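Chains as they are written, first to last, in the numbering used here: chain U, 1 to 227; chain Z, 228 to 566; chain F, 567 to 960. First up is the structure itself, then whatever we jot down about it.
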């Protein structure tokens, strides 16, 4: 059934979550009433709404949002890979021994995640300026989800890009082919186990030439070395 | 020319020399004054200032630059046609200068059918442009060539019909006679400035200028050379001397059409009150002044207006200009007979 | 704020004509046609965009844009950078109005950290945002002329735009890519005498808008080339996620500056108007952008008159570690709606940044809108949609 808007997220949310958001709570109730078990998790915070739905109902939920909830403006559709790759981080860490098989999933974000891959879609109602972020879990070995091109024609390019970058297969898409990358490109670059060539060639040197924050003095040198 | 009793060979050589010189000098003046300086000043910048004082030698420098470029043929181009196309267009420009009079005795060839000859010869350039567009083996050039063929043929008619009004009023096809009829004519009995046909043939003048703008493929009728779409239209694959020849033909034809328009409508070399030998000396200067005024008009419109789409262009030619010019001819003939 | 349901006459007639053309080309698909590559190097496309079109004479049978010649992999790059380093990257997405790219990203980060920049900083951010809008759109106003063949207005555009760029340089130190925002505020305060300069330049900008209105909008040839060309009905525009002036020119009255009431930026402190146009054709898009430029100059004047004093930087820890969470912030950028979806896992850098760029959606409509039009109209439509390659390709 419906999850109540949670306050048991990270502690930083507590101050914000005490304000109720009747508009978005009403939306969650309508979605829950229509889709019951397919709504796996929701999260309302900072004046925004996240809803995670079951993979099988992805198309129907998107369609419902457009037609019934009047969210006719298509913002974007993309993916997210919850694998935690320390080689792909802003820290000065380079461990050539860490390979793809050693990686674990990181803690999932708002509205949870049960698998490595998630597709996310953002829609908006331009008359009330209320938006929604829809997420769905995809299988790690065979990430597939229904295409929403017949609901939003603009999703065609977004789904092509998501397929190209993550490898998600959108069933019902008129033709999944490369958008940005050349035709013969192999691999899916935005996946966390796809290497960033620059890091492979040369380890990240860390932050050099640090500039002091406005109104503060120059950093002591040990800050750079401490990382 | 009967100024000096020279043999036929010498007169021919001098005539050819004069025409060749005009074909080079005319565009040179137009390019410098209008393309380099007038356009730049209108766009709040200075234009070329380096070569010569205020950039006066810039056109010469540009010509030299083109001459020293590599002669490139696209791999799949039809070599003979590709090489011949610029010369066909140049020939049409060249021949136009042969009939325009610069003084009562300063005309290379005073043909009885001067106007007819001029109009006929100016349409040879269409063939040259088609040859260039096709032989370039480039889809953009092909589109440009085909567009220009349609456009140039469409705008031939209004131009010729506009001129017919002048011919009816002057009673002769010879350009020298047309100038004389303007010089010796009178308006409502006042013969101080003669009878410049621009006043009676005002509609014809406007139509002629519009059609000339289209014949020169200048904006607003520059679809064949639409820079932002076709890069350079039929001229895309040309470099070096061949491009220079196209360039000279474009401005040379502009000069020649301005000269034609001045002759037909503004009185050509005629200055009120100047006759005889003085007219031989001052006539070219007067003609030059009138050419510059008309050139200013042509290029001013070129630099300001956006361009028409091909079908809008054709619609204007066939549905607007031709009916108006036909009406102009009818009215002119009626008034010629009645008055 | 309602979506216009009643389409104007132009919309209806041209939409029907588009459908009829579609029917016609479906029948004629047997003919060969000529495949033409517009781009990637071409004077008409604002950068390296390639559009493969199949022509039947001068009419387009189908068009397929091929972006990606400038794809720099921003989203992958963002995953290996600290939050402030991404600020430099992000400047280069829409490089004409580059200050505007930083703002939604910084706002997203501030939202995740729970920090609010002081009021003076928000005012100055808004002023520079609008200045970057003017810098961006004045180029469009001249450039549309060039695409159509009028080569002179673009020089006036560059001439007057220079002054705006000088202003941005005066405040931030760089004409393009200012990199001026910091998490929690701005890098420096405004220089002395800057505000007076701005007022003078805004007068110039308004003069320029009047000039363009006379020179281009009032030109009959411009009207003939643009009216009824590239009509996008409001429903289709919403489907494709078009935004900014493209959407407002189709009659949809939606502007994030006015409608996003939770935004901390200072638009609500100025009195200004949202411009819409019912036609949805290329002329409407040009017209809306021209009015918006004037409106932007008025916003700047008002905000600078009411500029509060105070600090320009909030109290921010020395090492910026953003707490776990996800945030999505959109702003009404010069090209449309730009949004950053920032996912943080508590590190020095983000876990994932999804950049929602306006031109990506604006150009995705090309296959739909370019069917059945003439080749010159392709240029008109592309020019009026106004995209920047960095924005499409990221």
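By construction, the Cβ of each residue, glycine as well, lies at the ideal position given by its N, Cα and C atoms. Bear in mind the structure is a predicted one, so any value in this text is a computation, not a measurement.
Quick one: grab the DSSP three-state call for residue i.
{"i": "residue 607 of chain F", "result": "coil"}
{"i": "residue 923 of chain F", "result": "coil"}
{"i": "residue 748 of chain F", "result": "strand"}
{"i": "residue 879 of chain F", "result": "strand"}
{"i": "residue 885 of chain F", "result": "coil"}
{"i": "residue 117 of chain U", "result": "strand"}
{"i": "residue 76 of chain U", "result": "strand"}
{"i": "residue 410 of chain Z", "result": "helix"}
{"i": "residue 717 of chain F", "result": "coil"}
{"i": "residue 805 of chain F", "result": "helix"}
{"i": "residue 173 of chain U", "result": "coil"}
{"i": "residue 496 of chain Z", "result": "coil"}
{"i": "residue 43 of chain U", "result": "strand"}
{"i": "residue 954 of chain F", "result": "coil"}
{"i": "residue 541 of chain Z", "result": "helix"}
{"i": "residue 37 of chain U", "result": "helix"}
{"i": "residue 151 of chain U", "result": "coil"}
Applying the 10 Å Cβ sphere with the 16-neighbour rule, what's the burial state of residue i?
{"i": "residue 678 of chain F", "result": "buried"}
{"i": "residue 594 of chain F", "result": "Since pLDDT at residue 594 of chain F reaches only 42, below the 50 mark, its modelled position is unreliable, and the value read off the structure follows with that caveat. Under this definition residue 594 of chain F is an exposed residue."}
{"i": "residue 307 of chain Z", "result": "exposed"}
{"i": "residue 627 of chain F", "result": "buried"}
{"i": "residue 268 of chain Z", "result": "exposed"}
{"i": "residue 532 of chain Z", "result": "buried"}
{"i": "residue 465 of chain Z", "result": "buried"}
{"i": "residue 612 of chain F", "result": "buried"}
{"i": "residue 555 of chain Z", "result": "buried"}
{"i": "residue 959 of chain F", "result": "buried"}
{"i": "residue 76 of chain U", "result": "buried"}
{"i": "residue 557 of chain Z", "result": "exposed"}
{"i": "residue 765 of chain F", "result": "exposed"}
{"i": "residue 136 of chain U", "result": "buried"}
{"i": "residue 66 of chain U", "result": "buried"}
{"i": "residue 234 of chain Z", "result": "exposed"}
{"i": "residue 414 of chain Z", "result": "exposed"}
Give me the Cβ distance between residue i and residue j, rounded to the nearest whole Å; I'm assuming they're in contact under 8 Å.
{"i": "residue 925 of chain F", "j": "residue 901 of chain F", "result": "5 Å"}
{"i": "residue 856 of chain F", "j": "residue 808 of chain F", "result": "About 19 Å; that fails the 8 Å criterion."}
{"i": "residue 566 of chain F", "j": "residue 956 of chain F", "result": "For residue 566 of chain F there is no data in the structure shown, the boundaries of chain F being 567 and 960."}
| request: Assess, as a yes-or-no matter, whether the stretch 284 to 297 of chain Z is touched by the stretch 461 to 473 of chain Z under the definition of 3 or more beta carbon pairs within less than 8 Å. | output: yes
| Validate contact between the stretch 722 to 738 of chain F and the stretch 816 to 831 of chain F using beta carbons, cut 8 Å, 3 pairs | no
| Interface residues of the stretch 269 to 284 of chain Z facing chain F [CB-CB below 8 Å] | 269, 270, 271 and 272
| field | Segment contact flag, the stretch 689 to 696 of chain F with the stretch 734 to 750 of chain F, C-beta cutoff 8 Å, min 3 pairs | value | yes
| Of all the residues that make up the stretch 822 to 852 of chain F, which are near chain U by a beta-carbon distance shorter than 7 Å? | 825, 826 and 828
| When the Cβ atoms of the stretch 757 to 776 of chain F are set against those of the stretch 815 to 829 of chain F, are three or more pairs found closer than 8 Å? | no
| query | When Cβ atoms are compared, which residues of the stretch 464 to 485 of chain Z fall closer than 9 Å to chain F? | reply | none
| task | Taking only beta carbons into account, state which residues of the stretch 884 to 916 of chain F come closer than 9 Å to chain U, listed in chain order. | result | 884, 885, 889, 890, 891, 892, 893, 894, 896, 903, 905, 907, 909, 910, 911, 912, 913, 914, 915 and 916
| request: Check whether the stretch 517 to 526 of chain Z touches the stretch 343 to 355 of chain Z, taking contact to mean three or more Cβ pairs, one atom from each stretch, closer than 8 Å. | output: no
| message | Check whether the stretch 541 to 556 of chain Z and the stretch 383 to 391 of chain Z are in contact - that is, three or more C-beta pairs closer than 8 Å. | response | yes
| Taking Cβ-Cβ distances below 8 Å as the criterion, which residues of the stretch 136 to 156 of chain U are in contact with chain F? | 152, 153, 154 and 156
| message | Against chain F, which members of the stretch 51 to 72 of chain U pass a CB distance test of less than 7 Å? | response | 72
| Contacting positions in the stretch 749 to 777 of chain F - beta carbon closer than 7 Å to chain Z | none
| Validate contact between the stretch 291 to 305 of chain Z and the stretch 258 to 277 of chain Z using beta carbons, cut 8 Å, 3 pairs | no
| request: Pull out every residue of the stretch 707 to 740 of chain F whose Cβ sits closer than 8 Å to any Cβ of chain Z, in chain order. | output: 711, 712, 713, 714, 715, 716, 717, 718, 721, 722 and 725
| request: Please determine if the stretch 423 to 432 of chain Z and the stretch 371 to 384 of chain Z are in contact, where contact requires at least 3 C-beta pairs separated by less than 8 Å. | output: no
| task | Determine which residues of the stretch 621 to 653 of chain F have a Cβ less than 7 Å from any Cβ of chain U, and write them out in chain order. | result | 633, 634, 637, 639, 641, 642, 645, 646, 647 and 648
| said: Using 8 Å as the cut-off, can you tell me whether the stretch 169 to 184 of chain U makes contact with the stretch 80 to 89 of chain U, which would need three or more C-beta pairs spanning the two stretches below that distance? | reply: no
| task | Using a Cβ-Cβ cut-off of less than 9 Å, list which residues of the stretch 536 to 553 of chain Z approach chain F; keep chain order. | result | 536, 537, 538 and 539
| said: By the 7 Å beta-carbon criterion, what residues does the stretch 655 to 689 of chain F contribute toward chain U? | reply: 677 and 680
| Cβ contact check for the stretch 242 to 259 of chain Z and the stretch 431 to 446 of chain Z: 3 or more pairs under 8 Å | no
| Quick one, which residues of the stretch 178 to 200 of chain U are near chain F if we go by CB-CB under 9 Å, in chain order? | 178, 179, 180, 181, 182, 189, 190, 192, 194, 196, 198 and 199
| message | Between the stretch 118 to 129 of chain U and the stretch 33 to 49 of chain U, can you find at least three pairs of beta-carbon atoms closer than 8 Å? | response | no
| query | Taking a cut of 7 Å between CB atoms, which residues from the stretch 782 to 812 of chain F lie near chain U? | reply | 804, 805, 806 and 807
| said: Short of 9 Å Cβ to Cβ, which residues in the stretch 936 to 951 of chain F face chain Z? | reply: 940, 941, 942, 943, 944, 945, 946 and 949
| message | If the cut-off is 7 Å on Cβ atoms, which residues from the stretch 372 to 383 of chain Z count as contacting chain F, listed in chain order? | response | none
| query | So does the stretch 788 to 803 of chain F actually touch the stretch 840 to 857 of chain F, counting three or more Cβ pairs closer than 8 Å? | reply | yes
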